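Here's the structure, in structure tokens; my notes come after.
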Amino acid sequence: MRKPLMAGNWKMNKTVAEAVSIVKALKSSIADVKDVDVLICPTFMALYAVNSEVKGSNINIGAQNLFWESKGAFTGEISPAMVKDAGCSYVLIGHSERRQYFGETNETVNKKIKAALAAELIPVVCVGETLKEREDNVTFKVIEKQINEGLVGLRAEQAGIVVIAYEPVWAIGTGKTATPDQAQEVHAFARKAYGKMYGDASQKVRILYGGSVNPANVSELMKQSDIDGGLVGGASLDAESFTKLVKYSK
Ligand code: 13P
399 MRKPLMAGNW KMNKTVAEAV SIVKALKSSI ADVKDVDVLI CPTFMALYAV NSEVKGSNIN
459 IGAQNLFWES KGAFTGEISP AMVKDAGCSY VLIGHSERRQ YFGETNETVN KKIKAALAAE
519 LIPVVCVGET LKEREDNVTF KVIEKQINEG LVGLRAEQAG IVVIAYEPVW AIGTGKTATP
579 DQAQEVHAFA RKAYGKMYGD ASQKVRILYG GSVNPANVSE LMKQSDIDGG LVGGASLDAE
639 SFTKLVKYSK
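Anchor point for the sequence shown: position 65 equals 463 in the numbering used here, and the numbering is continuous, going up by one each time.
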């Protein structure tokens, strides 16, 4: 059985004080949750303070990105060891916004995944098609390529550790969620594609859905057999709504 993972991606939102105040609220509102893993990904700036606040709680923290080199002349970048040192156990890699605005490719995604795993961070690897790609009926092709190229070359024991997040670009921040059937179809396909590369590890890997997940649609999405959690933007920015997501009715 795969344990569900509910993850909040705060993107470029919240000051340090705001971030700390939300996790403070979350810490008590979800203290009793044991059957769902909880992950918050604040900005790099807030990681250290948020980590001090969540220590000893059931809230895990993750970075939204990292660079694959371990140190040196790479102005503006953050190494895997620094992410780990700030208290992170997870890191988002290859979010569509990073692919779209910051030139990330399946190749750079692959380097980042390997660097994250080497630093004992769990990578949450984002894949997803654009609206045009969906309309052109190339969704499966796009997902398969992102998985084949982005996740190539992992060792057997690493293959079962990663998390995959399916985030259709047309559903991100648009209020337009994929239907549970649409999402399930791609999740099942992604698991199969991953299985062709790594066999049984594909049954262990959690595949999260992301794209306008909210308290009203989370339960239907979570009922799908290949949806193992959510990667949530907007609805994770508020303690009350994120609590509802973590405590979705089963
Ligand atoms: P929204 O939940 O705001 O659509 O964002 C999804 C997302 O991109 C999470 O990484």
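Where a beta carbon is used, it is the ideal one built from N, C-alpha and C, also for glycine. Computed from a predicted model, the values in this text were never measured in an experiment.
Could you please give the first and the last residue of the uninterrupted beta strand (DSSP E) stretch that includes residue i?
i, result
"V525", "I520 to V525"
"V611", "Taken as a continuous stretch (DSSP letters only), V611 belongs to no beta strand (DSSP E), as it is neither H nor E."
"M404", "L403 to N407"
"R445", "For clarity, residue 445 is Leu in the given sequence; the question names Arg instead. Segment F442 to V452 is the alpha helix (DSSP H) holding L445; no beta strand (DSSP E) there."
"A461", "I457 to A461"
"I435", "The sequence given here has Asp at residue 435, not Ile. D435 -> beta strand (DSSP E) spans D435 to C439."
"V630", "G627 to V630"
State yes or no: is the C-beta of residue i within less than 8 Å of the C-beta of residue j?
i, j, result
"V431", "V644", "yes"
"P566", "A514", "no"
"V436", "N407", "no"
"I570", "G609", "yes"
"S634", "P613", "no"
"S427", "A581", "no"
"L403", "G627", "yes"
"N508", "K543", "no"
"L424", "A484", "no"
"A415", "C439", "no"
"A405", "A447", "no"
"Y564", "I605", "yes"
"V525", "I545", "yes"
"L619", "P578", "yes"
"V611", "T575", "yes"
"K409", "G631", "yes"
"A429", "N411", "no"
"K482", "A517", "yes"
Just curious, the alpha helix (DSSP H) that residue i is in, first and last residue?
i, result
"D579", "P578 to Y596"
"V507", "N504 to A516"
"M480", "P478 to D483"
"V489", "Segment Y488 to I491 is the beta strand (DSSP E) holding V489; no alpha helix (DSSP H) there."
"V644", "A637 to V644"
"S647", "Where S647 is concerned, there is no enclosing alpha helix (DSSP H), given that its DSSP letter is neither H nor E."
"F500", "S494 to F500"
Going by DSSP, what residues sit across from residue i in a beta bridge?
i, result
"L424", "According to DSSP, which records beta bridges pairwise, L424 is partnered with nothing at all."
"L619", "Looking at the DSSP assignment, L619 forms no beta bridge with any residue, so it has no partner."
"V431", "Beta-bridge pairing links V431 to no other residue."
"R400", "R400 is not bridged to any residue."
"R604", "V561"
My understanding is that residue i touches residue j, with C-beta atoms under 8 Å, so please give their C-beta distance in whole angstroms.
i, j, result
"C486", "L529", "Incorrect: roughly 32 Å between the Cβ atoms, too far for contact."
"Y592", "L549", "7 Å"
"F587", "I541", "6 Å"
"I491", "V522", "7 Å"
"H585", "D624", "4 Å"
"V616", "G558", "With a Cβ gap of about 25 Å, V616 and G558 do not count as contacting."
Against chain D, with Cβ distances strictly below 8 Å, would residue i count as a contact?
i, result
"E502", "Of the protein chains in this structure there is only one, and it is not chain D."
Where in the region 529–572 do unbroken runs of the alpha helix (DSSP H), each at least 4 residues long, occur, reported from the N-terminal end onward?
529–533, 537–548 and 554–557
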